[in-house]
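These protein sequences, in sequence, are chains A and B. Sequential numbering from 0 applies to the first sequence in numbering that gives the first Met the number 0. Sequential numbering from 0 applies to the second sequence in numbering that gives the first Met the number 0. Just so you know, even glycine gets a beta-carbon here, dropped at the ideal spot from N, CA and C. This structure is a prediction, so every number in the text was calculated from the model and none was measured. In what follows, a structure is listed as structure tokens, so that the remarks can point back to it.
Protein chains: 2
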Amino acid sequence: MEEIASLLKKIAPEVAHVIEQRFDILKNIYYNQPIGRRALSVVLSLPERPLRTEVKRLEEQGLLEIDPKGMRVSQEGERIIARLENFVYFLKGLNFIAERIKGKFGCEVIIVPGDSDIDETVKNLMAKEAAAYLRSFLKNGDIVAVTGGTTMAQIPKNMPRLTGYEDVLVVPARGGLGERVELQANTIAEELAGRLGAQYRLLYVPDNLGPEAMESVTNEPRIKEVITLIRRADIVIHGIGGAEEMARRRGLDEKVIREILESGAVAEAFGYYFDCEGRIVYITTSAGLSVNDLKNIPKVISVAGGSKKASAIRAFLKYLRPNALITDEGAARKLLELEGGEK
Amino acid sequence: MEEIASLLKKIAPEVAHVIEQRFDILKNIYYNQPIGRRALSVVLSLPERPLRTEVKRLEEQGLLEIDPKGMRVSQEGERIIARLENFVYFLKGLNFIAERIKGKFGCEVIIVPGDSDIDETVKNLMAKEAAAYLRSFLKNGDIVAVTGGTTMAQIPKNMPRLTGYEDVLVVPARGGLGERVELQANTIAEELAGRLGAQYRLLYVPDNLGPEAMESVTNEPRIKEVITLIRRADIVIHGIGGAEEMARRRGLDEKVIREILESGAVAEAFGYYFDCEGRIVYITTSAGLSVNDLKNIPKVISVAGGSKKASAIRAFLKYLRPNALITDEGAARKLLELEGGEK
DNA sequence: ATAACTGGGACAAAAATTATCCCGGGAGGT
DNA sequence: ACCTCCCGGGATAATTTTTGTCCCAGTTAT
Numbered sequence: 000m001e002e003i004a005s006l007l008k009k010i011a012p013e014v015a016h017v018i019e020q021r022f023d024i025l026k027n028i029y030y031n032q033p034i035g036r037r038a039l040s041v042v043l044s045l046p047e048r049p050l051r052t053e054v055k056r057l058e059e060q061g062l063l064e065i066d067p068k069g070m071r072v073s074q075e076g077e078r079i080i081a082r083l084e085n086f087v088y089f090l091k092g093l094n095f096i097a098e099r100i101k102g103k104f105g106c107e108v109i110i111v112p113g114d115s116d117i118d119e120t121v122k123n124l125m126a127k128e129a130a131a132y133l134r135s136f137l138k139n140g141d142i143v144a145v146t147g148g149t150t151m152a153q154i155p156k157n158m159p160r161l162t163g164y165e166d167v168l169v170v171p172a173r174g175g176l177g178e179r180v181e182l183q184a185n186t187i188a189e190e191l192a193g194r195l196g197a198q199y200r201l202l203y204v205p206d207n208l209g210p211e212a213m214e215s216v217t218n219e220p221r222i223k224e225v226i227t228l229i230r231r232a233d234i235v236i237h238g239i240g241g242a243e244e245m246a247r248r249r250g251l252d253e254k255v256i257r258e259i260l261e262s263g264a265v266a267e268a269f270g271y272y273f274d275c276e277g278r279i280v281y282i283t284t285s286a287g288l289s290v291n292d293l294k295n296i297p298k299v300i301s302v303a304g305g306s307k308k309a310s311a312i313r314a315f316l317k318y319l320r321p322n323a324l325i326t327d328e329g330a331a332r333k334l335l336e337l338e339g340g341e342k
Numbered sequence: 000m001e002e003i004a005s006l007l008k009k010i011a012p013e014v015a016h017v018i019e020q021r022f023d024i025l026k027n028i029y030y031n032q033p034i035g036r037r038a039l040s041v042v043l044s045l046p047e048r049p050l051r052t053e054v055k056r057l058e059e060q061g062l063l064e065i066d067p068k069g070m071r072v073s074q075e076g077e078r079i080i081a082r083l084e085n086f087v088y089f090l091k092g093l094n095f096i097a098e099r100i101k102g103k104f105g106c107e108v109i110i111v112p113g114d115s116d117i118d119e120t121v122k123n124l125m126a127k128e129a130a131a132y133l134r135s136f137l138k139n140g141d142i143v144a145v146t147g148g149t150t151m152a153q154i155p156k157n158m159p160r161l162t163g164y165e166d167v168l169v170v171p172a173r174g175g176l177g178e179r180v181e182l183q184a185n186t187i188a189e190e191l192a193g194r195l196g197a198q199y200r201l202l203y204v205p206d207n208l209g210p211e212a213m214e215s216v217t218n219e220p221r222i223k224e225v226i227t228l229i230r231r232a233d234i235v236i237h238g239i240g241g242a243e244e245m246a247r248r249r250g251l252d253e254k255v256i257r258e259i260l261e262s263g264a265v266a267e268a269f270g271y272y273f274d275c276e277g278r279i280v281y282i283t284t285s286a287g288l289s290v291n292d293l294k295n296i297p298k299v300i301s302v303a304g305g306s307k308k309a310s311a312i313r314a315f316l317k318y319l320r321p322n323a324l325i326t327d328e329g330a331a332r333k334l335l336e337l338e339g340g341e342k
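This is how it looks when you write it as structure tokens:
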């Protein structure tokens, strides 16, 4: 596969673009179906007419079904998407990039093609990889902790319904995050447990309580029990955010935000803010997993993509080496660029 | 490889065409180098301007070197050609066709892309395959018999210079064929022996001698010895010709030609003419291997291509099942067509 | 010398691609 | 039962790309 990709790039480089583009189109239809020609042309930022020719070709190949409701990918098209993603991976030389990142940061690296800053559906690809990766070693008895975020929210949706994981326990890594419900860790934990046919426990603790309020809440027996379970997690899957974006999404005070940013924060994970050297510069008061606990957790999986997040990812990786990083092409390329520029 | 080819055909069928065309171009430059743009446009029957754009692309990729003497393929280009041929094989679905022919005729089938009726260089591909196939089982002590013909003539040229075959003996399958010297069995035997570093014995006996003349010639001790060796051959590599074409090339009388054709002859091999059912309808008087001897020869390799020869190949295969058939796309497709039409 | 190649450049004609409309129809919300 | 919105498909004109066909200067083999 890898060899053919390089062969193709040599003999017909323009062709690579065509294939990548068709993959993008197919993928975007798949995750937005049914969708119309014009709406699609907007999300792909591709002129309508060229899109139309492309779509027509795909339809002729039987990969697309197209009726007055809009376009959908056919069963055959679905099968093609998976194989195509794999091929595009090599076509873009992502295997090479993954190898280099692995060399620099010493963790497993999985890269999906695309840039989630430009194309929302790329998050689905990352989530699918995360789900597949989790599944590859998940066993009964494991405790899985998850965080919130847009990419994390896609993981349950990209996990097939399974059986045989009745003794798995899914928990949120930390308390409520003041985000939209569907992006909260609690929601994601519950949904993931649903897909796995597993148990789940939730943790409702507001962020940024005062010290004594926090104390009294965490001493509630039922809450205390959940926190204990969380700290004993075998697997953590978490997102990484940009510092400013996350601070705003959590509705922090403008003053606090300025303070955080002035201290050099670029990344956020688990409610901790990191500067570009991976130093902790601010902590959101919250219940659940602290980053110190991470060292005792056998399997840490970081999931984050988008070229704008590259520096955040880099900062977090400097703080902690996870077992695996699942990211996208946009972030991966930028990450290498940042690293290369420094050396 | 096969899977990627089918993937590519599904997702971007036009691309397949581009790749096949570039392969054709590269291949034709390789076998005719150095060659100019215009001359190439003639042998490819491709308009000059499109060819020019293609050539420019290939040059940009470093596959072509291009100077005032003409175009040549670079070292990298050479490496690409081999890999590309293999890929084009699957892209054209020749694996599938080979399987079907094998099923119908029960012999190994090797198909190379292209049609030697249209593109002369395809004969080189067949010859290269024949050479590689021969090499795969040739061992010291073997006697190899070869016939004449345009495709056969390319075999020595596509055989690398080898050592370790000092005890191999290469002989012509039959006496002189009244053809141009470079296409005669004797010449080919000598050249092949040269490449292998092997021994060779030649056989100069004119075609169509009268019975008593033939008798006296074949009783010559030295000639008799060679004929004995030929009959003991372990491996025979032979071409198959169209009946009319071969009769003319041998300079037979117009009257005889008409007679042969009227008896339904479509194919020629070893000086024997076959009708479309594989029955022998005419025999050129000549010394050497007779088709009866073929049954005692462990390894028979038939090499012939070009869509116009499909019916000749079919006729010969009905007469005798060789161990392997090495042919080209044009003949293979036509062959299946003929078979399919009958069933 | 000269004839027959070579690649590169130029340019008008033709073809394909592009952008941008409009139209009739069905779905979903009201 | 309506009304509105989005759907695919068709049409058209402007624009870009591709195509065919020259000529030219240099190189090589005769």
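Problem set entry | Helix, strand or coil at L334/A [DSSP, three-state] | Correct three-state label for L334/A: helix.
Exercise. Counting only beta-carbon atoms, is P12/B nearer than 8 Å to chain A?
Worked result: Interface residue, yes.
Exercise. Should R99/B and L335/B be called a contact, given that it needs their Cβ atoms to be closer than 8 Å?
Worked result: Yes, these two residues count as a Cβ contact at 8 Å.
Exercise. Shorter than 8 Å from the beta carbon of Q60/A to some beta carbon of chain B?
Worked result: Answer yes: the Cβ-Cβ gap between Q60/A and chain B drops below 8 Å somewhere.
For this session: Would you identify the three-state DSSP class for K342/A, choosing helix, strand or coil?
Result: Its pLDDT being 46, under 50, K342/A is placed unreliably by the model, and the measurement read from it follows with that caveat. K342/A: coil per DSSP, three-state reduction.
Exercise. Per DSSP, what kind of secondary structure is S301/B in: helix, strand or coil?
Worked result: Strand, per DSSP.
Exercise. Mind checking if K91/A is an interface residue toward chain B, Cβ cutoff 8 Å exclusive?
Worked result: Any Cβ of chain B closer than 8 Å to the Cβ of K91/A would place that residue at the interface, and such an atom is absent.
Exercise. How would you list, in chain order, the residues of chain A whose beta-carbon sits under 7 Å from the beta-carbon of V108/B?
Worked result: Those do not exist, as V108/B stays about 24 Å from chain A at its closest Cβ, beyond 7 Å.
For this session: Could you name the residues of chain A that M0/B contacts, counting a contact when the two beta carbons are closer than 9 Å?
Result: Near M0/B (Cβ distances below 9 Å), the residues of chain A are M0, E2 and I3.
For this session: Output, in chain order, the set of chain A residues within a Cβ distance shorter than 8 Å of I18/B.
Result: For I18/B, the residues of chain A that pass the 8 Å Cβ criterion are L7, I10, A11 and V14, in the order they occur in the chain.
Exercise. Cβ of T149/B within 8 Å of Cβ of K122/B?
Worked result: Between T149/B and K122/B, the gap from beta carbon to beta carbon is short of 8 Å.
Exercise. So which of G241/B, L202/B, A188/B and E243/B has the shortest CA-CA distance to I234/B?
Worked result: Comparing alpha-carbon positions, the option among G241/B, L202/B, A188/B and E243/B lying closest to I234/B turns out to be A188/B.
For this session: Kindly indicate the opening and closing residues of the alpha helix (DSSP H) around R82/B.
Result: That run of the alpha helix (DSSP H) goes Q74 to L90.
Exercise. Taking the continuous alpha helix (DSSP H) assigned at V255/B, which residues delimit it?
Worked result: In the DSSP assignment, V255/B falls within the alpha helix (DSSP H) that extends over E253 to E261.
For this session: Establish whether the CB of I24/A and some CB of chain B are separated by less than 8 Å.
Result: Not flagged as an interface residue toward chain B: I24/A, since no C-beta distance is shorter than 8 Å.
For this session: Express the C-alpha separation of E64/A and G238/B in angstroms, rounding to a whole number.
Result: Distance between the alpha carbons of G238/B and E64/A: 50 Å.
Problem set entry | Distance between L62/B and H16/B (C-alpha atoms, nearest Å) | Cα-Cα distance, rounded: 19 Å.
Problem set entry | The beta strand (DSSP E) enclosing F273/B, as first and last residue numbers | According to the DSSP assignment, F273/B belongs to the beta strand (DSSP E) that extends over Y271 to D274.
Problem set entry | Near-chain B residues of the segment 73-104 of chain A - C-beta to any C-beta below 7 Å | Per Cβ criterion, the list reads I79, R82, L83 and F86.
For this session: Could you spell out the range, first to last residue, of the alpha helix (DSSP H) harbouring D327/A?
Result: From DSSP, D327/A is part of no alpha helix (DSSP H) but of the beta strand (DSSP E) over A323 to D327.
Problem set entry | Partners in chain B for R21/A, counting only beta-carbon separations shorter than 7 Å | Near R21/A (Cβ distances below 7 Å), the residues of chain B are I10 and A11.
For this session: Under 8 Å Cβ to Cβ from E47/A, same chain only, skipping five residues before and after it: list those, please.
Result: Take E47/A, set aside five residues on each side of it, and the residues of its chain with a beta-carbon closer than 8 Å to its own are R36, R37 and S40, in chain order.
For this session: Inspect the CB distances between the segment 314-331 of chain A and the segment 152-160 of chain A and report whether three or more fall short of 8 Å.
Result: Result no; under three Cβ-Cβ pairs closer than 8 Å.
For this session: Give the DSSP-derived three-state secondary structure of I18/B in the structure shown.
Result: Of the three classes helix, strand and coil, the one that applies to I18/B here is helix, per DSSP.
For this session: Taking Y281/A as part of the beta strand (DSSP E), name the residues at either end of that continuous run.
Result: I279 to I282 is the extent of the beta strand (DSSP E) around Y281/A.
For this session: State yes or no: is the C-beta of I79/B nearer than 7 Å to some heavy atom of the ligand GDP?
Result: In the structure on display, the ligand GDP does not appear, and there are no ligands present to speak of.
Problem set entry | Reduced DSSP secondary structure (H/G/I, E/B, other) of I110/B | Secondary structure at I110/B: strand, using DSSP grouped into helix, strand and coil.
For this session: Please list, in chain order, all residues of the same chain as V170/B whose beta carbon is under 8 Å from its beta carbon, the five residues on each side excluded.
Result: Taking C-beta separations shorter than 8 Å and ignoring five residues to either side along the sequence, the partners of V170/B in its chain run I142, V143, A144, V145, A188, Y199, R200, L201, L202, V225, L228, I229 and A232, following chain order.
Problem set entry | Cβ neighbour criterion (16 or more within 10 Å) applied to N185/B | N185/B is buried by the Cβ-count criterion.
Problem set entry | Backbone secondary structure at I239/A - three-state DSSP | Assignment of I239/A by DSSP, reduced to helix, strand and coil, places it in the coil class.
Exercise. Looking at the structure shown, is A131/A part of a helix, part of a strand, or coil, going by DSSP?
Worked result: In the structure shown, the three-state DSSP call for A131/A is helix.
For this session: Rank S310/B, A331/B, L260/B and I279/B by C-alpha distance to the C-alpha of E107/B and give the top, closest one.
Result: For E107/B, the closest C-alpha among the options S310/B, A331/B, L260/B and I279/B is that of A331/B.
Exercise. Between K264/B and Y281/B, is the Cβ-Cβ spacing less than 8 Å?
Worked result: According to the sequence displayed, residue 264/B carries Ala and not Lys. Less than 8 Å divides the Cβ of A264/B from the Cβ of Y281/B.
Problem set entry | Whole-angstrom distance between G339/B and K294/B, CA atom to CA atom | Those two C-alpha atoms are separated by around 28 Å.
Exercise. Nearest-angstrom Cα distance between S306/B and I312/B?
Worked result: Approximately 10 Å between the Cα atoms of the pair.
Problem set entry | Segment contact, 8 Å Cβ cut-off, at least three pairs: the segment 22-31 of chain B with the segment 131-140 of chain A | Judged by pairs of C-beta atoms under 8 Å, the segment 22-31 of chain B does not touch the segment 131-140 of chain A, as fewer than three such pairs exist.
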